[in-house]
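*Asks:* Counting in our numbering, the sequence shown runs from 1086 upward without gaps.
Virtual Cβ for every residue (Gly too), placed ideally from N, Cα, C.
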Amino acid sequence: MSAYLFRNVDVWDAIEDEPYPGEVLVEGNRITAVAKNAHIDNQNGAEVIDGGGRFLMPGLVEGHCHLSFVNPARNQDLGEIPPEEHLLRTMRNATLLLNHGFTSAYSAASAKLRIDVVVRQEIEDGYLAGPRYRAAGPEITVTGGLGDERKNHGSFEGFGMIADGVTQIRQAVRLCAREGVDNVKFNVSGDEFTSNIRAELVSISQEELTIGVQTAHDFGKRVATHARAAESVKRAVRAGADCIYHCDFADEEALDMLEAAKDRIIIGPAFGLVHNSVFEGDVVGMTKEVVERMGLPRKLEHTMATYHEMRKRGMRVVVGGDYGFTVTPMGQNARDIGHFVKFFGYSPAEALKCATEVGGDIMGHKGELGIIREGALADILLVDGNPLDDQSILVGPKHFAMIMKDGAMHRDPRQRTTLH
Ligand SMILES: [Zn+2]
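1. Specify which residues have a beta carbon nearer than 5 Å to any heavy atom of ligand 1, listing them in chain order.
2. Could you compute how far the alpha carbon of H1505 sits from the alpha carbon of L1173?
3. For the structure I just gave you, are there three or more beta carbon pairs, one from the stretch 1288–1302 and one from the stretch 1269–1276, closer than 8 Å?
4. Just the Cα atoms here: how many angstroms apart are E1394 and I1134?
5. Going by alpha carbons, who is nearest to H1311 out of A1335, Q1299, H1302, F1304?
6. Keeping to the same chain, check which residues put their C-beta closer than 6 Å to that of G1113; ignore five residues upstream and five downstream.
7. From what residue to what residue does the beta strand (DSSP E) around F1091 run?
8. Might you give, ordered along the chain, the residues of its own chain that have their beta carbon closer than 6 Å to the beta carbon of P1216, omitting 5 neighbours on each side?
9. What did DSSP end up calling G1136 once you bin it into helix, strand or coil?
10. In its own chain, which residues sit with a C-beta less than 7 Å from the C-beta of G1399, not counting the 5 before and 5 after it?
11. Considering G1353, what are the terminal residues of the alpha helix (DSSP H) in which it resides?
12. Under the rule that 16 or more other beta-carbon atoms within 10 Å means buried, what is S1153, buried or exposed?
13. Please classify S1317 as buried or exposed, where buried requires at least 16 neighbouring CB atoms within 10 angstroms.
14. Relative to the C-alpha of F1428, which candidate in R1313, G1357, D1327 has its C-alpha closest?
15. Secondary structure at L1462, three-state DSSP: helix, strand or coil?
16. Skipping 5 residues on each side, what residues in its chain have a beta carbon closer than 8 Å to that of S1362?
17. Using the beta-carbon count (16 or more within 10 Å), is S1192 buried or exposed?
18. Out of G1366, T1391, A1196, V1443, state which residue places its alpha-carbon closest to the alpha-carbon of E1337.
19. Taking the Cβ atom as the reference point for each residue, do H1484 and V1468 lie within a distance shorter than 8 Å?
20. Going straight from the alpha carbon of R1323 to that of T1295, what length do you get?
21. Distance check for D1446 and A1436, CA to CA, integer angstroms please.
22. Looking only at C-alpha atoms, which of N1129, G1144, E1103 sits nearest to I1456?
23. Note down the Cα distance separating I1200 from E1169, rounded to an integer number of angstroms.
24. Taking the runs of the alpha helix (DSSP H) that are 4 residues or longer, which of them lie wholly in the stretch 1184–1244?
25. When you compare only the Cα positions, how much space is there between N1418 and E1147?
26. For G1107, which option in Q1161, R1115, V1119, E1101 has the closest C-alpha, if you only look at C-alpha atoms?
27. Between A1315 and A1339, which are expected to be in contact by the criterion C-beta below 8 Å, what is the C-beta distance as a whole number of angstroms?
28. Going straight from the alpha carbon of E1459 to that of A1099, what length do you get?
29. Are the stretch 1242–1258 and the stretch 1215–1231 in contact at 8 Å, needing three or more beta carbon pairs?
30. What residue range does the alpha helix (DSSP H) around T1300 cover?
31. Check G1148 in the structure and name its three-state DSSP category.
32. Where do the N-terminal and C-terminal ends of the alpha helix (DSSP H) with F1429 fall, by residue?
33. Could you check the C-alpha separation between P1472 and V1111 for me, to the nearest Å?
34. Please list, in chain order, all residues of the same chain as G1136 whose beta carbon is under 7 Å from its beta carbon, the five residues on each side excluded.
35. In whole angstroms, what separates the C-alpha of C1439 from that of Q1500?
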């Protein structure tokens, strides 16, 4: 069993707001001791690592991840890319994300049914370097909903799994379960990024969603929903969804319903895609006019107001920004931590907890992942600089002196090399 004793580090444990000078002992894949302003006896001869006064924190958790979104120019590219290329590029994304300090990722949908599942298995079996991964199936949607890219005059593949009526919805969920997903995803509202149905409209019926969630729970799967419209948020809460993404247009009633269910529901804004489209869309041809026509600046205003409210109401919110599109290249995922501070009014410590401690919860390891405490899983970063002062240092691999996942060194501070 490997064992490491970290000395001379500033420990930020994701429990308290401020870091403290301390020491951390890792044995096997667990943290077995944390000392605050004190020393740990090295009785068992753990390898001692001098942290050089660096910031020691939990590994980051990407709470709205699409490893199989391999920078498509158009949504339908995700359906049309052949499975062989698609799988290889998804594997590359997995390693890239780990190199960028994300030791866990919760999938918010796979572009093809089995890609997430096989990539997760390859990581778990130790053949592929990647984050802990909760695999999803494709976004389950109805005819005309977000993810239905078909055209009446020809065959176009989308990234969604289309199912209409309770019978087909049940079957779609069971298919995802049979193929081994951990999470089932439903598109409840439309979106600005599809021409079919706007973000403020609802596609799936309450009956379909309720049956879908129930079926997923019967199979022991967690359920996430794409829900931008106020009514879509309400349907997701009523149906018993575990995770509700976006919620941009949540009205007072929707917010009250979420607050009443805050112990069982996790929220995620997936803000990066909206942010980059509005402020940086030019680089991919999304001019100001295009962005305006899509209604994105208006949506951004709504998202900001909604998440100020989420914070006030003490909702559990994860960081994750729909990275993997051309406008949101995979690897920049940590930018969303800074967005929480700048756009949603979170303190740096609160934002960092969303990317660590709350993330541990969505991964199914509440209180033992995304946190530095005795007994927790050993996913640990050593960072040059203090991300509470400047969140941008967490973007890109260069400030990570160490990346440890499950007690194993992915990046060893004693053999520091450049990761991409
Ligand atoms: Zn997404």
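*Replies:* Well, looking at it:
1. A1193, D1407
2. Residue 1505 sits at position 420 when you count from the first residue of the sequence shown. Residue 1173 sits at position 88 when you count from the first residue of the sequence shown. Unreliable positioning characterises H1505 in this predicted model, as indicated by a pLDDT of 49, which lies under 50. The coordinate reading is nonetheless provided below. Distance between the alpha carbons of H1505 and L1173: 17 Å.
3. yes
4. Locating residue 1394 in the sequence shown gives position 309, where the first residue counts as 1. Locating residue 1134 in the sequence shown gives position 49, where the first residue counts as 1. E1394 and I1134: Cα-Cα distance of roughly 42 Å.
5. Position 226 of the sequence shown, counting from 1, holds the residue named residue 1311. Nearest option by C-alpha distance: A1335.
6. In the sequence shown, counting from the first residue as 1, residue 1113 sits at position 28. So the list reads M1086, G1492, once near-sequence residues are dropped.
7. By 1-based counting over the sequence shown, the position of residue 1091 is 6. F1091 -> beta strand (DSSP E) spans 1088–1096.
8. If you number the sequence shown from 1, residue 1216 lands on position 131. Hits under 6 Å: L1182, L1183, F1187, T1188, S1189, A1190.
9. Taking the first residue of the sequence shown as 1, we reach residue 1136 at position 51. In the structure shown, G1136 sits in a strand (DSSP, three-state: E or B).
10. Stepping through the sequence shown from its first residue, residue 1399 is reached at position 314. Taken in chain order, the residues that qualify are K1347.
11. Indexing the sequence shown from 1 puts residue 1353 at position 268. G1353 -> not in any alpha helix (DSSP H); beta strand (DSSP E) instead, spanning 1351–1353.
12. Here residue 1153 is taken as the residue at index 68 of the sequence shown, counted from 1. Buried, because 16 or more other Cβ atoms sit within 10 Å of the Cβ of S1153.
13. Taking the first residue of the sequence shown as position 1, residue 1317 is located at position 232. The residue is buried, with at least 16 neighbouring Cβ atoms inside 10 Å.
14. Reading the sequence shown from its first residue, position 343 is the one you call residue 1428. F1428 has its Cα closest to that of G1357, out of R1313, G1357, D1327.
15. Counting from one through the sequence shown, the residue named residue 1462 turns up at place 377. The answer is strand: DSSP assigns L1462 an E or B state.
16. Against the sequence shown, residue 1362 aligns to sequence position 277. If we look at S1362 and ignore the five residues flanking it on each side, its Cβ neighbours are M1371, V1376, M1379, L1381, V1412.
17. The residue given as residue 1192 occupies position 107 in the sequence shown. Under this definition S1192 is a buried residue.
18. Mapped onto the sequence shown, residue 1337 falls at position 252. It is T1391 whose Cα lies nearest to the Cα of E1337.
19. Translated into the one-based positions of the sequence shown, residue 1484 becomes position 399. Translated into the one-based positions of the sequence shown, residue 1468 becomes position 383. Contact: yes.
20. The residue given as residue 1323 occupies position 238 in the sequence shown. The residue given as residue 1295 occupies position 210 in the sequence shown. Distance between the alpha carbons of R1323 and T1295 is about 8 Å.
21. Along the sequence shown, one-based indexing puts residue 1436 at 351. Along the sequence shown, one-based indexing puts residue 1446 at 361. Those two C-alpha atoms are separated by around 15 Å.
22. Here residue 1456 refers to the residue found at position 371 of the sequence shown. Comparing Cα positions, the closest option is G1144.
23. As a position in the sequence shown, residue 1200 is number 115, starting the count at 1. As a position in the sequence shown, residue 1169 is number 84, starting the count at 1. Spanning the two alpha carbons is a distance of roughly 10 Å.
24. 1200–1209
25. For this step, residue 1418 is matched to residue 333 along the sequence shown. For this step, residue 1147 is matched to residue 62 along the sequence shown. Those two C-alpha atoms are separated by around 7 Å.
26. Position 22 of the sequence shown, counted from the first residue, corresponds to residue 1107. Of Q1161, R1115, V1119, E1101, the residue nearest in Cα terms is V1119.
27. Counting from one through the sequence shown, the residue named residue 1315 turns up at place 230. Counting from one through the sequence shown, the residue named residue 1339 turns up at place 254. Between A1339 and A1315 the Cβ distance is about 5 Å, and since that is below 8 Å, they are a contact.
28. Numbered from 1 along the sequence shown, position 374 holds the residue referred to as residue 1459. Numbered from 1 along the sequence shown, position 14 holds the residue referred to as residue 1099. Going by the C-alpha atoms only, they are around 13 Å apart.
29. yes
30. Translated into the one-based positions of the sequence shown, residue 1300 becomes position 215. Unbroken alpha helix (DSSP H) run through T1300: 1291–1303.
31. Numbered from its first residue, the sequence shown carries residue 1148 at position 63. In the structure shown, G1148 sits in a strand (DSSP, three-state: E or B).
32. Your numbering for residue 1429 matches position 344 in the sequence shown. Counting along the chain, the alpha helix (DSSP H) containing F1429 begins and ends at 1420–1429.
33. Counting from 1 along the sequence shown, the entry for residue 1472 is found at position 387. Counting from 1 along the sequence shown, the entry for residue 1111 is found at position 26. P1472 and V1111: Cα-Cα distance of roughly 23 Å.
34. Stepping through the sequence shown from its first residue, residue 1136 is reached at position 51. F1091, R1092, N1093, V1094, L1467.
35. Start at 1 with the first residue of the sequence shown, and residue 1439 comes out as number 354. Start at 1 with the first residue of the sequence shown, and residue 1500 comes out as number 415. The alpha-carbon atoms of C1439 and Q1500 are separated by roughly 30 Å.
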